[in-house]
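Structure record follows, encoded as structure tokens.
Chains as they are written, first to last, in the working numbering: chain A, 1 to 438; chain B, 1 to 572.
The structure is reproduced here in structure tokens:
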């Protein structure tokens, strides 16, 4: 009988009755063949591999992360509550030491969902990793978290949520934004003035294969993680870097994903994208699960897998090495970069324009962050969409200093409600979520 | 009339029933070393003075195959597996003569690698030179397409006497379990065949030409003839007999925990709205995880004759048994002695029970009466704890759709039914501890044998349609057809039910008892390149485990009789 080296948890929630629309890549069928492969391999019978029942998040769990316009219920479907709840279930099981590590093999995904949510973008409504992480920070004494996003698309939602947070290291490895949705994720995007270098973007050229991904993991991600010393490592485990994925242009494989997982050793993995539902997902998922559990995965290969046929060119290798070195240098300079960005400022402002491709919504944000050397800084977002919804959102970070707490409360108390549909306060230190209307 | 016979660890219970009720019931001691004699003498004694012609059938639940598997005798047959990509098939090695060969199908049953016929020839030579005559062949995804298993069988036909194929046993996906189940089927086959042929021959020689049915782990029966390809399905039929024996006393809408407290073990199961809860995948026995359909039951080593021990000052009951209670001349004190000391039973020698309990009581620093009471309460507490754990396990089953999740069905037991020899002694205490109304099943001592007698023939069919490839298959039924793109989910359900009816009748069911139910009904639009390419339909249907028609009269009669007896007797 097969035994796991590490007790590994799994929540499988394929949402067999939920789709964005019938022919959308994010549809009922997506995890069907993964289920077939997992069942046929007998994965759930491996001793030490525990399947948990899916769970729900509450609206309060969502409010810890997002400002939902007009409210939480309006931007979520049942499936989102369950998908996020299942990620949370795995997180809680890891913290309670029921399992050593775990994988939420769930849909719909979440890594394109930003802090303010007017609708769905990149097939995502709410950020299921962030909801899980903030839950663990509130109830399980987690502070420092590293998120490594290995989806082929830039994890712009997660980046947005943790942009100002010095306690969250966000690393996204993805196909170069000049060639793929959402078009962002360049090394220059490296976090806000209070958290410079805690966001690391590693765009890889099209047709990167196993060598390139594993080079980045071994030479950039692992050394950075070693420096950062996170309490937990979360992997946004998208599977669309696969050579057979219809939406992307990369050359990764099941063997490669399994090896990546083995190197990265995430405490919690959460499925993101991946739309080669027959040619890739069944094998990639089995490979990831076996790697997490410490079971031999050497024979988990796609039918017709030929590593030579997908090997990256020398030119691609050179580009990857260059970008890896550059990102590593950024990381090493994070403290001086933070100092430079903070010097002489009390507040920093920026304007963000966000397109919700799935729902066709345009949003404009004016963001103000309090420059702070003690915490992530009080954050204020004035957001309006072309649907006519204007809101003001105030975020006080969980580990906020007194000055930032005071600033946050002042912003909320003094907001001119007549200008907005709603004014929100996300008071993380007190786990209190308020809103007021004109 | 029907004879029901259930071989238990201590006793074999035998009943003779007809539409008007229980005619006769007996208990004969089980001789594990000679089950044939045990079964035969049970049948002979119960049918004494009965005309063989009046007996419609005999339903047998034996421990034959279960014991053989638990003892794990090394079988002399070969296993050939076709694994393809995935977990290394070495991880599923069953025994010495186990050979993975090249050849693979994918999740939709498409060939991704042809069978390596040269390798097969080599393996055939190896097996033959080892003197092997029976072979099991199992392919990954053979439940979707058995073509590789069939091709291998065709190549082996001339070299081996019997070839067992993996796709025969279940339409469910699980390659390691398919290997394990085929292994078990093939390993118990010679024993099963020899045993039942001997039983049939003996009965025939006594002029008793009565059809024999065998009870399965899912609480259903199959004819002796059809059991020959699936002897593994007879494992652990004992707990199934117990659950079936309680069903006549479960009312519509009730959620019932069934407890069969025996000499060696207590079997626990759950019945919802008169239907027993099934294992989601298959039964597990002696480390073998199988695809054998079974009732969801737990057997815990808590019985009237369980050994009593003190560990770190704490009482431990079971799981072993070293003989009968001291009150009945046994070697060590048992829970039955506690019952005798507390006057909850009146048979057996109370002096011997008291004397036997003294040493244990002294170590527990209690009087003998206190110790007996403590043992009694601890026993009931443990039974309730295990029953609760089983209900929790059922409630933690993963769900894969939003709808299932929102329906959020949770089992909340509102009745406990107890059967087994000492059942009446425990009912009240079990009720106190669990807070759930607890009743004793009428004829509690032989209710399990009645369950075997009343059980209907069950079957299950899995159908798979792929309109993109234009195929309709139920490999387990050896059914393959072509379909057009207009083939619908309704067509698939209709076809599944037709196949199920045919299968159940073939396995010995009667038309009157074909309560069929669709248990899985999924349809997926297959989209390739952003446009609809076809539909993937999966249907699973079963004959619901339950009782043959006509039992309800007997149940009512027995309940009424019991109410009268309860007034007359004050035992427990």
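Think of the CB as a built atom: it goes at the ideal place given N, C-alpha and C, for glycine as much as any other residue. In this text, all values refer to a predicted model and were calculated from it rather than measured experimentally.
| said: Assuming contact is defined by CB atoms lying nearer than 7 Å, are residue 247/B and residue 285/B in contact in what I supplied? | reply: The residue labelled residue 247/B in the question sits at position 247 within the second chain. The residue labelled residue 285/B in the question sits at position 285 within the second chain. No, the Cβ-Cβ distance between residue 247/B and residue 285/B is not below 7 Å.
| message | Please classify residue 213/A as buried or exposed, where buried requires at least 16 other C-beta atoms within 10 Å of its C-beta. | response | Walking along the first chain from the start, residue 213/A turns up at place 213. With 16 or more Cβ atoms within 10 Å of its Cβ, residue 213/A is classed as buried.
| Helix, strand or coil: how does DSSP classify residue 356/A here? | For the purposes of this step, residue 356/A is taken as the residue at position 356 of the first chain. Three-state result, residue 356/A: strand.
| query | What does DSSP give as the partner residues of residue 317/B in its beta bridges? | reply | What you label residue 317/B is simply residue 317 of the second chain in a count that begins at 1. According to DSSP, which records beta bridges pairwise, residue 317/B is partnered with 308/B.
| task | Pull up the distance between the alpha-carbon of residue 548/B and that of residue 438/B, whole angstroms please. | result | Sequence index remark: in the second chain, residue 548/B carries index 548 (1-based). Sequence index remark: in the second chain, residue 438/B carries index 438 (1-based). If you take the alpha carbons of residue 548/B and residue 438/B, they lie about 26 Å apart.
| query | With C-beta atoms as the reference, is residue 396/A less than 7 Å away from residue 377/A? | reply | What you label residue 396/A is simply residue 396 of the first chain in a count that begins at 1. What you label residue 377/A is simply residue 377 of the first chain in a count that begins at 1. No, Cβ-Cβ distance for residue 396/A and residue 377/A is not below 7 Å.
| message | In this structure, how does DSSP classify residue 517/B when only helix, strand and coil are distinguished? | response | Numbered from its first residue, the second chain carries residue 517/B at position 517. Strand.
| query | Got a sec? Which residues, its chain only, sit under 8 Å from residue 433/A by beta carbon, not counting five neighbours each side? | reply | Here residue 433/A is taken as the residue at index 433 of the first chain, counted from 1. Contacts found: 60, 63, 64, 424, 425, 426, 427.
| What's the C-alpha gap between residue 159/A and residue 240/B? | The count along the first chain starts at 1 and reaches residue 159/A at position 159. The count along the second chain starts at 1 and reaches residue 240/B at position 240. So the two alpha carbons sit approximately 56 Å from each other.
| chain A residues whose Cβ lies nearer than 7 Å to that of residue 399/B | Counting from 1 along the second chain, the entry for residue 399/B is found at position 399. Those are 53, 54, listed as they occur along chain A.
| request: Measure the C-alpha to C-alpha separation of residue 27/B and residue 509/B and round it to an integer number of angstroms. | output: As a position in the second chain, residue 27/B is number 27, starting the count at 1. As a position in the second chain, residue 509/B is number 509, starting the count at 1. One C-alpha to the other measures close to 28 Å.
| query | Can you give the Cα-Cα distance for residue 13/B and residue 448/B, rounded to whole angstroms? | reply | Walking along the second chain from the start, residue 13/B turns up at place 13. Walking along the second chain from the start, residue 448/B turns up at place 448. Distance between the alpha carbons of residue 13/B and residue 448/B: 8 Å.
| task | Please report the Cβ distance between residue 255/B and residue 411/B, rounded to the nearest whole angstrom; I am assuming they are in contact, meaning their Cβ atoms lie under 8 Å. | result | The residue you call residue 255/B lines up with position 255 of the second chain. The residue you call residue 411/B lines up with position 411 of the second chain. The pair is a contact, with the Cβ atoms about 6 Å apart (cut-off 8 Å).
| message | So that I know if they touch, is there some Cβ in chain A lying closer than 7 Å to that of residue 479/B? | response | Mapped onto the second chain, residue 479/B falls at position 479. So, not an interface residue.
| query | residue 541/B bridges to which residues according to DSSP? | reply | Position 541 of the second chain, counted from the first residue, corresponds to residue 541/B. Per DSSP, 461/B, 518/B.
| said: If we define contact as Cβ-Cβ less than 7 Å, is residue 23/A a contact residue for chain B? | reply: What you label residue 23/A is simply residue 23 of the first chain in a count that begins at 1. So, interface residue.
| field | Under 7 Å between C-beta atoms of residue 102/A and residue 113/A | value | On the first chain, residue 102/A is found 102 positions in, with the first residue counted as 1. On the first chain, residue 113/A is found 113 positions in, with the first residue counted as 1. No, the Cβ-Cβ distance between residue 102/A and residue 113/A is not below 7 Å.
| query | residue 171/B CB to nearest chain A CB: under 7 Å? | reply | The residue given as residue 171/B occupies position 171 in the second chain. Chain A, which has no Cβ nearer than 7 Å to the Cβ of residue 171/B, makes this no.
| field | 8 Å Cβ cut-off: residues of chain B touching residue 296/A | value | Position 296 of the first chain holds residue 296/A. Result: 87, 88, 91.
| Among 263/B, 277/B, 238/B, nearest to residue 257/B - alpha-carbon criterion | Position 257 of the second chain holds residue 257/B. The shortest Cα separation from residue 257/B among 263/B, 277/B, 238/B belongs to 277/B.
| said: Spatial neighbours of residue 568/B within its chain, please: C-beta separation below 7 Å, excluding the five flanking residues on both sides. | reply: Stepping through the second chain from its first residue, residue 568/B is reached at position 568. Confidence at residue 568/B is low in this model, with a pLDDT of 46, below 50, so its placement is unreliable and no value can be given for it.
| 9 Å Cβ cut-off: residues of chain A touching residue 551/B | Along the second chain, read from residue 1 onward, the residue named residue 551/B stands at position 551. Result: empty, since nearest Cβ-Cβ is about 36 Å, beyond 9 Å.
| field | Cross-strand partners of residue 47/A (DSSP beta bridge) | value | By one-based count along the first chain, residue 47/A stands at place 47. Note: residue 47/A sits in a beta bridge opposite 3/A.
| query | Taking DSSP as the reference, what is the three-state secondary structure of residue 629/B? | reply | Missing from the structure shown is residue 629/B; chain B here goes from 1 to 572 and no further.
| DSSP beta-bridge partners for residue 526/B? | Position 526 of the second chain, counted from the start, is the residue given in the question as residue 526/B. Bridge partners of residue 526/B: 534/B.
| request: Would you list the residues sitting across from residue 25/B in a DSSP beta bridge? | output: The sequence position of residue 25/B within the second chain is 25, counting from 1. Answer is 15/B.
| said: Beta-carbon within less than 6 Å of residue 338/B's beta-carbon, same chain only, minus the 5 sequence neighbours each way: which residues are those? | reply: Along the second chain, one-based indexing puts residue 338/B at 338. These residues qualify, in order along the chain: 372, 375, 376.
| Taking the C-alpha atoms as reference points, what is the distance between residue 350/B and residue 341/B? | Looking up residue 350/B in the second chain gives position 350. Looking up residue 341/B in the second chain gives position 341. Approximately 6 Å between the Cα atoms of the pair.
| field | Rounded separation between residue 283/A and residue 302/A - CA only | value | Start at 1 with the first residue of the first chain, and residue 283/A comes out as number 283. Start at 1 with the first residue of the first chain, and residue 302/A comes out as number 302. Between residue 283/A and residue 302/A, the C-alpha separation is close to 6 Å.
| What residue from 53/A, 157/A, 198/A has the CA that sits closest to residue 392/B's CA? | As a first step, residue 392/B is located in the second chain; it is residue number 392 there, counting from the start. Among 53/A, 157/A, 198/A, the Cα nearest to that of residue 392/B belongs to 53/A.
| task | Quick one: list the residues of chain B neighbouring residue 123/A, beta-carbon separation under 7 Å, in chain order. | result | By one-based count along the first chain, residue 123/A stands at place 123. Residues of chain B passing the Cβ test: none, with the nearest at roughly 14 Å.
| message | Three or more C-beta pairs under 8 Å: does that hold for the segment 348–363 of chain A against the segment 318–334 of chain A? | response | no
| said: What does the Cβ neighbour count give for residue 19/B, buried or exposed, with the cut at 16 atoms within 10 Å? | reply: As a working note, residue 19/B is residue 19 in the second chain. That one is exposed.
| field | As assigned by DSSP and simplified to three states, the class of residue 435/A | value | As a working note, residue 435/A is residue 435 in the first chain. Three-state result, residue 435/A: strand.
| request: Could you tell me the boundaries of the alpha helix (DSSP H) in which residue 81/A lies? | output: Here residue 81/A refers to the residue found at position 81 of the first chain. Start and end: 78–95.
| For residue 494/B, which residues does DSSP report across the bridge? | As a first step, residue 494/B is located in the second chain; it is residue number 494 there, counting from the start. Answer is none; residue 494/B lacks a bridge partner.
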